[in-house]
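The next block holds one structure in the form of structure tokens; read it before the comments.
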Amino acid sequence: MALIAIENLVFAYGPKMPVILDGLSLSIEAGERVAILGGNGSGKTTLAHWIAGWLPRAAMNATSGAVLANGKAWPAWTALERAEAVQFVGQIPMQQLSGFAFTVYDELVFGPGNLGLEPDEIRKRADWALDICNLRHLVDRDPFTLSGGEQQRLSIAAALVMHPKALVLDEPTGNFDPESRDNLLDQINRLPSDLTIILCDMALKPALAIAKRFVLLDGGRIVADGGAQEILSHPRTSAIFGMPAVMEAALLLQQAGHWPAGEDLPLTFGRAQEQFGRITHVAG
Amino acid sequence: MLQVEDVSFHYPGGVNVLSGISFSAGAGEVLALVGRNGAGKSTLLRLLNGLRKPTRGAISIDGRNTAETPVHLISHSIGTVFQSPEQQVFNATVRDEVMFGPKNLPLTAQERDTRVAAVLARTRLTDQAGQHPLDLDQAQRRFVALASVLATQPPALLLDEPQRGLDAQSRSLLEGIILEEKAAGRCIVIVCHDMEFVARLATRVIALADGALSADTTPADFFSNSRLTSEASVEAPDILRLSLALGLSPCLTPADFAGAWLNHHHLNASQG
Numbered sequence: 306m307a308l309i310a311i312e313n314l315v316f317a318y319g320p321k322m323p324v325i326l327d328g329l330s331l332s333i334e335a336g337e338r339v340a341i342l343g344g345n346g347s348g349k350t351t352l353a354h355w356i357a358g359w360l361p362r363a364a365m366n367a368t369s370g371a372v373l374a375n376g377k378a379w380p381a382w383t384a385l386e387r388a389e390a391v392q393f394v395g396q397i398p399m400q401q402l403s404g405f406a407f408t409v410y411d412e413l414v415f416g417p418g419n420l421g422l423e424p425d426e427i428r429k430r431a432d433w434a435l436d437i438c439n440l441r442h443l444v445d446r447d448p449f450t451l452s453g454g455e456q457q458r459l460s461i462a463a464a465l466v467m468h469p470k471a472l473v474l475d476e477p478t479g480n481f482d483p484e485s486r487d488n489l490l491d492q493i494n495r496l497p498s499d500l501t502i503i504l505c506d507m508a509l510k511p512a513l514a515i516a517k518r519f520v521l522l523d524g525g526r527i528v529a530d531g532g533a534q535e536i537l538s539h540p541r542t543s544a545i546f547g548m549p550a551v552m553e554a555a556l557l558l559q560q561a562g563h564w565p566a567g568e569d570l571p572l573t574f575g576r577a578q579e580q581f582g583r584i585t586h587v588a589g
Numbered sequence: 012m013l014q015v016e017d018v019s020f021h022y023p024g025g026v027n028v029l030s031g032i033s034f035s036a037g038a039g040e041v042l043a044l045v046g047r048n049g050a051g052k053s054t055l056l057r058l059l060n061g062l063r064k065p066t067r068g069a070i071s072i073d074g075r076n077t078a079e080t081p082v083h084l085i086s087h088s089i090g091t092v093f094q095s096p097e098q099q100v101f102n103a104t105v106r107d108e109v110m111f112g113p114k115n116l117p118l119t120a121q122e123r124d125t126r127v128a129a130v131l132a133r134t135r136l137t138d139q140a141g142q143h144p145l146d147l148d149q150a151q152r153r154f155v156a157l158a159s160v161l162a163t164q165p166p167a168l169l170l171d172e173p174q175r176g177l178d179a180q181s182r183s184l185l186e187g188i189i190l191e192e193k194a195a196g197r198c199i200v201i202v203c204h205d206m207e208f209v210a211r212l213a214t215r216v217i218a219l220a221d222g223a224l225s226a227d228t229t230p231a232d233f234f235s236n237s238r239l240t241s242e243a244s245v246e247a248p249d250i251l252r253l254s255l256a257l258g259l260s261p262c263l264t265p266a267d268f269a270g271a272w273l274n275h276h277h278l279n280a281s282q283g
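Pasting the structure below:
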């Protein structure tokens, strides 16, 4: 049975509001690492909310189509059951903080405490999450005095301590400097392999680092679902994510008549360096 | 326009988050404020718009000392677009939100209407004018926040990660607006982690490391210096790295690169 099974979902936020998800079907198995990509207004965040069961019960009941988590519709889940099934980390870390904690450590133990876990188990989970998200040096800080990137790491840690079956991340590294981003992506890749990770993003780098499967959304519909190469070469990709600068430079030279016929345009820095090196040699 | 003199800051009872920061900026400059997480960028942003006061040193914007000027008057000199538009949008329609600033300025009703209509058109929000800002998608919400600041026409703009979460089309619209504001003589400060965006737009890079100023230089010099980029934990844009790897002068955009490459090989754009 699929962990998440979405069938022909049509969704708008109200009767007179535009349709955000338009007949969307998607199935995600336990342990999959999936990136959901798309431009502004494509429906990524709304789909992420559906996958995480993060919409009001009335909205979910009024929708056409079906969304099942482990075979059961979200409105039938209790809040505690859902908290242990799927955790969602949104784009604005400030909105994820409980508001009940005066230190980073208190924020981390807030969720497991509400699950009624034993103190030893709570401590063990908090220690694990502190290391994964590189928060140990901030353990006594007030969460509201942290920088945006630090708050984002705390939000992810607070989701991980719940030991969910699936983690839904909505642009998780948008607040990060490259070093912090790469560290976090590395740590995410070390998480237990049975944890399902669903990443929604506008940036390709985190998606390519984490996901094995890529779903491209456009206008509330899935326009591609496959491997990295399929997505990178899809005609909508350049329009949504922008052309890589090295490719744009090669295109300008091609338009000026200085790019060899039959030579493809480079997508990555490494390929560009190799091609320009070779072409420079010929031109020089 | 913008003068930061030996500014230090600490939160009550805490250690210095910023120490001895000095720089200045004039009309038509676009400053990129960069640095690793926790370097003090957001704190400096709150000092520049007067939400916090320096614990040492002084900041003046358009001749006003931020420590001695009420925040609502500082906002006449420097308009801030925060990272999350949800934190600064509070009216029930896009038009009311954009109109809020001009309503508090000495303008006639006709002047206000003209100004708001023009800003909505520039930010491509004319068709959304009657909608609730929070019913819009992420990019449109950001443009609502930007439009509400542009409508007050402050001499300086402060943009916190304005490109974040924007697709290529929206980024292109944003870049165009920033360049127009620069041409109109605004002093613009952008807090940014996206170095391609910095390379395309900034005239100067101000880098922070551990609360101190680690660089104040041109983007080409900054990105060509691996010590400076490493201290600020930023990655030089691919196009600049490629230009250096091929022995060209540091290029910030694909167009710069194509020109330098043709020049290097004594070719011209029309030669086949």
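Read top to bottom, the protein sequences are chains A and B. Counting from 306, one number per residue, gives the positions in the first sequence under my numbering. Counting from 12, one number per residue, gives the positions in the second sequence under my numbering. All residues carry an ideal CB built from backbone N, CA and C; glycine is no exception. Just so it is clear, the structure is predicted and the values come from calculations on it, not from any experiment.
What does residue i reach in chain A if we use C-beta pairs closer than 8 Å?
i: valine 245 of chain B; result: Asp482, Pro483
i: proline 117 of chain B; result: Within chain A, no residue comes near proline 117 of chain B; the closest Cβ sits about 35 Å away, beyond 8 Å.
How would you list, in chain order, the residues of chain B whose beta-carbon sits under 9 Å from the beta-carbon of residue i?
i: glutamine 578 of chain A; result: Arg252, Leu253, Ala256, Leu257
i: isoleucine 545 of chain A; result: Asp178, Ala179, Gln180
i: glycine 582 of chain A; result: Ala256, Leu257
i: methionine 365 of chain A; result: Result: empty, since nearest Cβ-Cβ is about 19 Å, beyond 9 Å.
Note down, in chain order, every chain B residue with its Cβ under 7 Å from the Cβ of residue i.
i: valine 551 of chain A; result: Asp249, Ile250, Leu253
i: glutamate 476 of chain A; result: Gly176
i: glycine 479 of chain A; result: Arg175, Gly176
Would you please state the rounded distance, in angstroms, between the beta carbons of residue i and residue j? I believe it to be under 8 Å.
i: valine 160 of chain B; j: valine 92 of chain B; result: 5 Å
i: lysine 64 of chain B; j: alanine 78 of chain B; result: 5 Å
i: isoleucine 70 of chain B; j: proline 165 of chain B; result: In fact, because the Cβ distance is near 15 Å, the residues do not count as touching under 8 Å.
i: glutamate 172 of chain B; j: histidine 204 of chain B; result: 7 Å
i: leucine 29 of chain B; j: valine 45 of chain B; result: With a Cβ gap of about 15 Å, leucine 29 of chain B and valine 45 of chain B do not count as contacting.
i: glycine 348 of chain A; j: isoleucine 325 of chain A; result: 5 Å
i: leucine 572 of chain A; j: leucine 537 of chain A; result: 6 Å
i: proline 261 of chain B; j: serine 254 of chain B; result: 6 Å
i: leucine 474 of chain A; j: leucine 435 of chain A; result: No, leucine 474 of chain A and leucine 435 of chain A are not in contact; Cβ-Cβ is about 19 Å, not under 8 Å.
i: alanine 356 of chain B; j: arginine 47 of chain B; result: A question about residue 356 of chain B goes unanswered here, because the residues of chain B that appear run from 12 up to 283.
Would DSSP call residue i helix, strand or coil?
i: serine 254 of chain B; result: helix
i: aspartate 284 of chain B; result: Outside the displayed range of chain B (12 to 283) lies residue 284 of chain B, so it cannot be described from this structure.
i: glycine 283 of chain B; result: Because glycine 283 of chain B carries a pLDDT of 46, less than 50, the predicted location of this residue cannot be relied on, and the following value inherits that uncertainty. Here glycine 283 of chain B sits in coil by DSSP.
i: glycine 358 of chain A; result: coil
i: phenylalanine 481 of chain A; result: coil
i: glutamine 164 of chain B; result: coil
i: valine 216 of chain B; result: strand
i: serine 235 of chain B; result: helix
i: serine 347 of chain A; result: coil
i: aspartate 436 of chain A; result: helix
i: alanine 307 of chain A; result: coil
i: alanine 340 of chain A; result: strand
i: glycine 575 of chain A; result: helix
i: threonine 501 of chain A; result: strand
i: alanine 43 of chain B; result: strand
i: histidine 276 of chain B; result: coil
i: valine 315 of chain A; result: strand
i: valine 466 of chain A; result: coil
i: leucine 29 of chain B; result: strand
i: histidine 442 of chain A; result: helix
Using a C-beta to C-beta distance shorter than 9 Å, which residues of chain A count as neighbours of residue i?
i: glutamate 97 of chain B; result: Ile397, Gln400
i: serine 181 of chain B; result: Gly344, Asn345
i: leucine 273 of chain B; result: Leu558, Ala561, His563
i: proline 265 of chain B; result: Met548, Ala550, Val551, Met552, Glu553, Ala554, Ala555, Leu556, Leu557
So with CB distances below 8 Å, who are the chain B contacts of residue i?
i: isoleucine 493 of chain A; result: Within 8 Å Cβ-Cβ: nothing; isoleucine 493 of chain A doesn't reach chain B, min ~17 Å.
i: phenylalanine 574 of chain A; result: Asp249, Arg252, Leu253
i: methionine 306 of chain A; result: Ordered by position in chain B, no residue passes the 8 Å Cβ test against methionine 306 of chain A, which lies about 33 Å from the chain.
What does residue i touch in chain A if you count any residue whose Cβ is under 7 Å from its own?
i: phenylalanine 268 of chain B; result: Ala554
For the ligand NAD, any of its heavy atoms closer than 7 Å to the Cβ of residue i?
i: alanine 544 of chain A; result: Here there are no bound small molecules, and the ligand NAD is not part of this structure.
Check the Cβ of residue i against every Cβ in chain D and list those closer than 9 Å, keeping chain order.
i: leucine 224 of chain B; result: Within the model displayed, chain D is absent; protein chains A and B are what it includes.
Next item on the list: Please name the residues in the stretch 438 to 468 of chain A whose beta-carbon is closer than 7 Å to at least one beta-carbon of chain B, in chain order.
Entry: Against chain B - using a Cβ distance shorter than 7 Å - the residues of the stretch 438 to 468 of chain A are Thr450, Ser452, Gly453, Gly454, Glu455.
Check: Of all the residues that make up the stretch 380 to 391 of chain A, which are near chain B by a beta-carbon distance shorter than 7 Å?
Finding: Correct list: empty, as no residue qualifies.
Next item on the list: Let me know the alpha helix (DSSP H) ranges lying completely inside the stretch 369 to 424 of chain A, each 4 residues or longer, listed in chain order.
Entry: Restricted to the stretch 369 to 424 of chain A, the alpha helix (DSSP H) segments that are unbroken, complete and at least 4 residues in length are 384 to 390, 409 to 419, listed in chain order.
Item checked: Near-chain B residues of the stretch 558 to 571 of chain A - C-beta to any C-beta below 8 Å -> Of all residues in the stretch 558 to 571 of chain A, only Leu558, Ala561, Gly562, His563 come within less than 8 Å of chain B when Cβ atoms are compared, listed by chain position.
Notebook entry, point to check: Can you list, in chain order, the stretches of the alpha helix (DSSP H) that have 4 or more residues and sit fully within the stretch 83 to 142 of chain B?
Noted result: As far as the stretch 83 to 142 of chain B is concerned, its whole alpha helix (DSSP H) runs of at least 4 residues are 105 to 114, 120 to 133.
Check: Listed from N- to C-terminal order along the chain, which residues in the stretch 192 to 208 of chain B have their beta-carbon within a distance smaller than 8 Å of any beta-carbon of chain A?
Finding: Here the close residues are His204, Glu207.
Check: Taking any Cβ of chain A, which residues in the stretch 42 to 69 of chain B have a Cβ under 7 Å from it, in chain order?
Finding: Answer in chain order: Arg47, Asn48, Gly49, Ser53.
Item checked: Against chain B: residues of the stretch 510 to 537 of chain A by CB proximity under 7 Å -> Only those residues of the stretch 510 to 537 of chain A whose C-beta falls short of 7 Å from the nearest C-beta of chain B would be listed, and there are none.
Note to self: Under 8 Å, CB to CB, which of the residues in the stretch 144 to 162 of chain B have a partner in chain A?
What the structure shows: Within the stretch 144 to 162 of chain B, the residues whose Cβ lies closer than 8 Å to some Cβ of chain A are Asp146, Asp148, Gln149, Ala150, Gln151, listed in chain order.
Item checked: Every unbroken alpha helix (DSSP H) within the stretch 170 to 211 of chain B, with a cutoff of 4 residues, ordered by chain -> The stretch 170 to 211 of chain B contains these whole alpha helix (DSSP H) runs: 179 to 194.
Checklist line | Any alpha helix (DSSP H) of 4 or more consecutive residues that is wholly inside the stretch 52 to 88 of chain B | finding: Fully enclosed alpha helix (DSSP H) runs of 4 or longer: 52 to 59, 82 to 88.
Check: Mind pulling the beta strand (DSSP E) runs of 3 or more residues that sit fully within the stretch 511 to 540 of chain A?
Finding: Within the stretch 511 to 540 of chain A, the complete beta strand (DSSP E) runs of at least 3 residues are 518 to 523, 526 to 531.
Notebook entry, point to check: If contact means a Cβ-Cβ distance below 9 Å, which residues of the stretch 75 to 109 of chain B contact chain A?
Noted result: When CB distances to chain A are screened at a threshold of 9 Å, the residues of the stretch 75 to 109 of chain B falling below it are Gln94, Ser95, Glu97, Gln98, in chain order.
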